[in-house]
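Residue numbers (our numbering): 423 to 854.
Now the structure itself:
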């Protein structure tokens, strides 16, 4: 798959009535100008979190922010930022880029300034070895830049406080919920690993990012809080919530992540959330924002909670060849555990103008290459919908039934596609 061509930066944007220049941010002053421009375009944003993410997030660099400057006024008028992260594909690390901020001052909209910056952003992301780019943003908008909804986010189950039963009168519980401390971090990382181990795709939540998110300024809307769930003084799992409720979202306690394999622990956590909502949040609902069937989600559903339709991560695969090469160990394992063990053949994925050819010998992955599209492929997946199949959010048959340009050559190809790319749950928590 060819790397997009993009002129060197800085560069003047032609055809503009005013002298606009696209360049990368150079220092903190540039980042402050980006914050000002973003707030001019979206005044209801969390300015504190935005500034912290640009200036102080682990790994943040000014040069990862693209901006358009009106050289006549000296103002930044548009910006797009890149955040380096990683996802895990059944244990295999995938370097990814997340689109952090996208905005244009109202007076400068409709001039394709964001499009010009995305060209530069995608080029940088590929040069840095990122195989994917992701964003959770404005509905539909990012499809024009090659993104499609490929993985769930948000969703979950909402409970009114009265739906969560109290302990019977006179009964005491061995379970309690307490704030996490620095000493809990090794155990928290272990719990997170256990929670995400069985998922197709999950986010790589590092200690540095975890501490950063929980350590945002107290007034930051997106500051997280982490809680340890104990049984008899022994940690059994964790909860992550927004540190403070956001009334306009209609929630009291919003649980953003959890590892609670014990049913009694799930009930204890929900009782704690109910008490917190009644104590500090006017009795607003408790929301379990996990878009997969975690035990805590099951417990909330069993209590009659309202299931919410998840939103989605918008994904663009930047380098399909590199992606397949990275997940080769997973593909080999899936083959070895299937009737296709010992497979020796090429498997071709048609992607409209080009095809991916995956070659196996004796069940081992030997090579992947991109070739000019030739004979009919085993499966045909247009680039926007391919991640749905590759990451397990939809089966190949589901995509072929829904999307007219997707197809399966024959029954054997369909069975092999299901072995290589089985449908299964994913959850990538937000790292930005």
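In this text, a Cβ means the ideal position worked out from N, Cα and C, and glycines have one as well.
In the DSSP assignment, what are the bridge partners of residue i?
| i | result |
| --- | --- |
| residue 651 | 599 and 659 |
| residue 829 | 802 |
| residue 856 | No answer is possible for residue 856: the residues shown for the chain start at 423 and end at 854. |
| residue 728 | 580 |
| residue 776 | 773 and 794 |
| residue 789 | 781 |
| residue 679 | 662 |
| residue 722 | Beta-bridge pairing links residue 722 to no other residue. |
| residue 487 | 503 |
| residue 646 | 664 |
| residue 433 | 444 |
Excluding the 5 residues preceding and the 5 following residue i in the sequence, name in chain order all residues of the same chain whose CB lies nearer than 8 Å to its CB.
| i | result |
| --- | --- |
| residue 808 | 739, 742, 771 and 773 |
Determine whether the beta carbon atoms of residue i and residue j lie at a separation below 8 Å.
| i | j | result |
| --- | --- | --- |
| residue 476 | residue 490 | no |
| residue 579 | residue 727 | yes |
| residue 791 | residue 558 | no |
| residue 678 | residue 694 | no |
| residue 444 | residue 538 | yes |
| residue 523 | residue 501 | yes |
| residue 485 | residue 446 | yes |
| residue 442 | residue 435 | yes |
| residue 595 | residue 690 | yes |
| residue 683 | residue 609 | no |
| residue 828 | residue 804 | yes |
| residue 621 | residue 847 | yes |
| residue 667 | residue 703 | yes |
| residue 606 | residue 650 | yes |
| residue 652 | residue 597 | yes |
Identify the continuous beta strand (DSSP E) that holds residue i and give its terminal residues.
| i | result |
| --- | --- |
| residue 508 | 497-511 |
| residue 575 | 570-575 |
| residue 580 | 578-581 |
| residue 709 | 708-710 |
| residue 516 | 514-526 |
| residue 625 | 623-625 |
| residue 766 | Looking at the DSSP string, residue 766 is not in any beta strand (DSSP E), and its letter there is neither H nor E. |
| residue 557 | 554-557 |
Give every residue of the same chain whose Cβ lies closer than 7 Å to the Cβ of residue i, excluding the five residues on either side of it in the sequence, and list them in chain order.
| i | result |
| --- | --- |
| residue 642 | 468, 470, 471 and 474 |
| residue 564 | 557 and 736 |
| residue 634 | 479 and 480 |
| residue 840 | 817 and 818 |
| residue 699 | 583, 674, 675, 705, 706 and 708 |
| residue 463 | 525, 526, 527 and 528 |
| residue 835 | 800 and 801 |
| residue 681 | 613, 614, 616, 617, 659 and 660 |
Closer than 6 Å by C-beta to residue i: which residues in its own chain qualify, once you throw out the five before and the five after it? Chain order, please.
| i | result |
| --- | --- |
| residue 515 | 508 |
| residue 506 | 481 |
| residue 825 | 807 |
| residue 724 | none |
| residue 604 | none |
| residue 433 | 444 |
| residue 520 | 505, 507, 556 and 854 |
| residue 493 | 441 and 443 |
| residue 733 | 575 and 576 |
Would you say residue i faces chain E, with C-beta separation under 8 Å as the test?
| i | result |
| --- | --- |
| residue 505 | Considering every chain present, this structure includes no chain E. It has just one protein chain. |
Just to confirm the assignment, what range does the alpha helix (DSSP H) spanning residue i have?
| i | result |
| --- | --- |
| residue 461 | 450-463 |
| residue 738 | Counting along the chain, residue 738 falls outside any alpha helix (DSSP H), though it belongs to the beta strand (DSSP E) covering 733-739. |
| residue 757 | 750-758 |
| residue 539 | 535-549 |
| residue 849 | Taken as a continuous stretch (DSSP letters only), residue 849 belongs to no alpha helix (DSSP H), as it is neither H nor E. |
| residue 811 | 808-812 |
| residue 634 | 629-636 |
| residue 614 | 607-618 |
| residue 470 | 469-477 |
| residue 532 | Looking at the DSSP string, residue 532 is not in any alpha helix (DSSP H), and its letter there is neither H nor E. |
| residue 819 | 818-824 |
Between residue i and residue j, which are expected to be in contact by the criterion C-beta below 8 Å, what is the C-beta distance as a whole number of angstroms?
| i | j | result |
| --- | --- | --- |
| residue 780 | residue 769 | 5 Å |
| residue 573 | residue 854 | No, residue 573 and residue 854 are not in contact; Cβ-Cβ is about 15 Å, not under 8 Å. |
| residue 760 | residue 784 | Not quite, the Cβ-Cβ distance comes to about 14 Å (not below 8 Å), so this is no contact. |
Taking 7 Å as the cut-off, is the C-beta of residue i nearer than that to any heavy atom in the ligand NAP?
| i | result |
| --- | --- |
| residue 473 | This structure does not include the ligand NAP; it has no bound ligands of any sort. |
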